[in-house]
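For the sequence shown, the residue numbers in this note's numbering are 1470 to 1759. Report on the structure given below.
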Amino acid sequence: MAKKNALGRGLDALIDTNAGSNNDRQREANEIQIELIEANPFQPRSTFDEEALQELADSIKELGVIQPITVRYLETGKFQLISGERRLRASKLAGLKKIPAYIRVADDQGMLEMALVENIQREDLNAIEVAISYQRLMEECKLTQEALSQRIGKKRSTISNYTRLLNLPAKVQLGIKEEKISMGHARALISIKDEETQLMIYDQILKYDFSVRRVEDIIRELNKEKTETIRKTVPATAEDYEQLQKHLSNFFATDIGFKRNAKGNGKITIPFKNDGELERIIAILDKLNT
1470 MAKKNALGRG LDALIDTNAG SNNDRQREAN EIQIELIEAN PFQPRSTFDE
1520 EALQELADSI KELGVIQPIT VRYLETGKFQ LISGERRLRA SKLAGLKKIP
1570 AYIRVADDQG MLEMALVENI QREDLNAIEV AISYQRLMEE CKLTQEALSQ
1620 RIGKKRSTIS NYTRLLNLPA KVQLGIKEEK ISMGHARALI SIKDEETQLM
1670 IYDQILKYDF SVRRVEDIIR ELNKEKTETI RKTVPATAED YEQLQKHLSN
1720 FFATDIGFKR NAKGNGKITI PFKNDGELER IIAILDKLNT
């Protein structure tokens, strides 16, 4: 079964690469001089496997370039690479003077988007590289998760799951890039708010080769213990509840409503007088959640 692209739809589905150009010129590959091709300043990937490049160069020597690269024409008479840097580098290693290329019309914004999309479509990307490309598409191309989801044919939850990986500690992100842990392990670690605990469990995964299921069980037990600890610290007397109400009122700088019946059921309400006070309370809650 063919492996699906990490992005979903192809490059042309995201960018209107035919805009302002002759269709025949777009669809036909041209043989152009390699020395006339400039590097892509928007290339998201900066490192390339030298051994894999040499293998591709050997294949090109024998079979030629099967899939043309994509470039844009510059007013200087040269061309700028849009996608296909590995093929271009390997062709240089193979000693080629010319390379087949599709010539497209694109501005700098289009160049950036096409380079990012082409990067995500690679099958050898790790989860962090995909996450960074999604994040760059949203930030640099001014797209929301919902807008990106609609344009690339991926669920919003999928995009969110990837970009949330970038909130993990750098050590864990490096572990994902080096394939020391899987996407499943990473998603389990995201559910932990405390960075120290994330790193502790990450080290245990490496040391004991824990499965994703085992990590999920560990986190579930930790959360259970935390909940039980909180329950044990909840005050039991009416005086204690009164003190808690005063404490919460001082903390939020408003009169907290506190009701509890004999069975222990009840509710806490946080009143506000205007939108400004509501925003202040929300800011406090957001800070507690980070």
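We put the CB at the ideal spot given by N, CA and C, even for glycine.
Please classify residue i: does DSSP put it in a helix, a strand, or coil?
{"i": "residue 1738", "result": "strand"}
{"i": "residue 1502", "result": "strand"}
{"i": "residue 1600", "result": "helix"}
{"i": "residue 1543", "result": "coil"}
{"i": "residue 1614", "result": "helix"}
{"i": "residue 1619", "result": "helix"}
{"i": "residue 1570", "result": "strand"}
{"i": "residue 1564", "result": "coil"}
{"i": "residue 1551", "result": "strand"}
{"i": "residue 1751", "result": "helix"}
{"i": "residue 1495", "result": "In this predicted model, residue 1495 has a pLDDT of only 45, less than 50, meaning its place in the structure is not dependable; the value taken from the coordinates is given anyway. Helix, per DSSP."}
{"i": "residue 1679", "result": "coil"}
{"i": "residue 1517", "result": "coil"}
{"i": "residue 1725", "result": "coil"}
{"i": "residue 1538", "result": "strand"}
Roughly how many angstroms separate the alpha carbons of residue i and residue j, rounded to a whole number?
{"i": "residue 1597", "j": "residue 1631", "result": "7 Å"}
{"i": "residue 1754", "j": "residue 1719", "result": "14 Å"}
{"i": "residue 1736", "j": "residue 1729", "result": "7 Å"}
{"i": "residue 1748", "j": "residue 1715", "result": "21 Å"}
{"i": "residue 1734", "j": "residue 1693", "result": "21 Å"}
{"i": "residue 1518", "j": "residue 1624", "result": "31 Å"}
{"i": "residue 1679", "j": "residue 1522", "result": "34 Å"}
{"i": "residue 1713", "j": "residue 1725", "result": "10 Å"}
{"i": "residue 1499", "j": "residue 1532", "result": "18 Å"}
{"i": "residue 1567", "j": "residue 1510", "result": "21 Å"}
{"i": "residue 1614", "j": "residue 1626", "result": "9 Å"}
{"i": "residue 1574", "j": "residue 1649", "result": "41 Å"}
{"i": "residue 1542", "j": "residue 1503", "result": "13 Å"}
{"i": "residue 1653", "j": "residue 1607", "result": "24 Å"}
{"i": "residue 1609", "j": "residue 1618", "result": "16 Å"}
Let me check understanding here. Comparing Cα to Cα, which of the options lies closest to residue i?
{"i": "residue 1594", "options": "1621, 1528, 1651 and 1638", "result": "1651"}
{"i": "residue 1672", "options": "1557, 1644 and 1629", "result": "1644"}
{"i": "residue 1622", "options": "1634, 1611, 1636 and 1603", "result": "1603"}
{"i": "residue 1501", "options": "1520, 1524, 1528 and 1565", "result": "1565"}
{"i": "residue 1691", "options": "1710, 1654, 1676 and 1661", "result": "1661"}
{"i": "residue 1635", "options": "1746, 1599 and 1610", "result": "1599"}
{"i": "residue 1554", "options": "1569, 1611 and 1653", "result": "1569"}
{"i": "residue 1601", "options": "1544, 1629, 1530 and 1675", "result": "1629"}
{"i": "residue 1742", "options": "1540, 1752 and 1723", "result": "1723"}
{"i": "residue 1536", "options": "1542, 1543 and 1528", "result": "1528"}
{"i": "residue 1540", "options": "1534, 1557 and 1530", "result": "1557"}
{"i": "residue 1663", "options": "1607, 1637, 1677 and 1647", "result": "1637"}
What whole-angstrom Cβ distance do residue i and residue j have, given they're in contact under 8 Å?
{"i": "residue 1552", "j": "residue 1538", "result": "7 Å"}
{"i": "residue 1727", "j": "residue 1739", "result": "The pair is not a contact, with the Cβ atoms about 10 Å apart (cut-off 8 Å)."}
{"i": "residue 1657", "j": "residue 1681", "result": "6 Å"}
{"i": "residue 1525", "j": "residue 1559", "result": "4 Å"}
{"i": "residue 1507", "j": "residue 1547", "result": "6 Å"}
For chain B, is any of its Cβ atoms less than 7 Å away from the one on residue i?
{"i": "residue 1517", "result": "The chain inventory of the structure shown lacks chain B, comprising one protein chain alone."}
Minimum length 4: unbroken alpha helix (DSSP H) runs contained in the stretch 1622-1675: 1625-1632, 1639-1646 and 1652-1659
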